[in-house]
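Sequential numbering from -2 applies to the sequence shown in the working numbering.
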Amino acid sequence: MTENPPPLVQNMSTRLSAAAATHRVPGASIALHTGEILHEAACGVVNVDTGVEATTDALFHLASITKPMTTTMAMQFVDEGKLDLDAPVRRYLPDFRVASEEAAGRMTVRQLLCHASGIDGDLFIETTRGHDRLAKLVEAGRDLPQLHEPGQGFSYCNH
């Protein structure tokens, strides 16, 4: 006998397509784990210029949508005592570098989350695949200049 999927994932594909149409989203993908089962759905296109179909394994350019998710997860780690926002980034990423060695050494997690790091970080390269994806991203930022000293201003940073 086959179990019915939980209500959250019932008709997930249809619901995703309807939501995308309602909100005029050109393409979307969703994945939810329920126990040991992965439920996936996709609709639309990844890129409106190329018309490439959105699939459950397609990579979307997420950009700023990752920032609230990252901050939410960071704050959960703070609540669990696993992350100190005022600790240097290098406590957690020892290989973290930017063009200024001095700035990289004293930059804090909080400064990164609040866009107060001073990094000129409009860096858009694909580093999201492979077991070494974090190392590739850290390496890619080694030459990023400072717009201001860490904590001394606001500068939007994608890196």
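Just so it is clear, CB atoms sit at the ideal spot from N, CA and C, and this is done for glycine as well.
Legend entry - Within 8 Å, strictly: CB atoms of Met104 and Val86: yes
Inset, instruction - Evaluate the contact criterion for the region 31 to 38 versus the region 2 to 14: three or more CB pairs, one atom per stretch, below 8 Å. - result: yes
Inset, instruction - Over the uninterrupted alpha helix (DSSP H) stretch that includes Glu37, give me the two end residues. - result: Taken as a continuous stretch (DSSP letters only), Glu37 belongs to no alpha helix (DSSP H), being part of the beta strand (DSSP E) at 34 to 41.
Inset, instruction - Let me know the beta strand (DSSP E) ranges lying completely inside the region 4 to 35, each 3 residues or longer, listed in chain order. - result: 24 to 31
Legend entry - Those residues which DSSP pairs with Thr105 across a bridge: Per DSSP, Pro85.
Inset, instruction - Label Gly138 either buried or exposed according to how many other C-beta atoms from any shown protein chain fall within 10 Å of its C-beta, with 16 as the threshold for buried. - result: buried
Legend entry - Three-state secondary structure assigned by DSSP to Glu99: helix
Legend entry - Straight-line Cα distance separating Gly48 from Thr68: 32 Å
Legend entry - Same chain only: Cβ atoms within 7 Å of Leu80, ignoring 5 sequence neighbours per side: Ala71, Phe74, Val106
Legend entry - First through last residue of the alpha helix (DSSP H) which encompasses Phe74: 63 to 76
Legend entry - CA nearest to the CA of Glu146, picked from Arg130, Thr19, Ser97: Ser97
Legend entry - Where Gly115 falls, given that 16 or more other Cβ within 10 Å makes a residue buried: Classification for Gly115: buried.
Inset, instruction - Could you please give the first and the last residue of the uninterrupted alpha helix (DSSP H) stretch that includes Lys133? - result: 130 to 137
Inset, instruction - Assign Gly127 to buried or exposed, taking buried as 16 or more other Cβ atoms, counted over all protein chains shown, within 10 Å of its Cβ. - result: exposed
Inset, instruction - Look at Ala101 and Phe93 and say whether their C-beta atoms are less than 8 Å apart. - result: yes
Inset, instruction - Keeping to the same chain, check which residues put their C-beta closer than 6 Å to that of Ser14; ignore five residues upstream and five downstream. - result: Cys40
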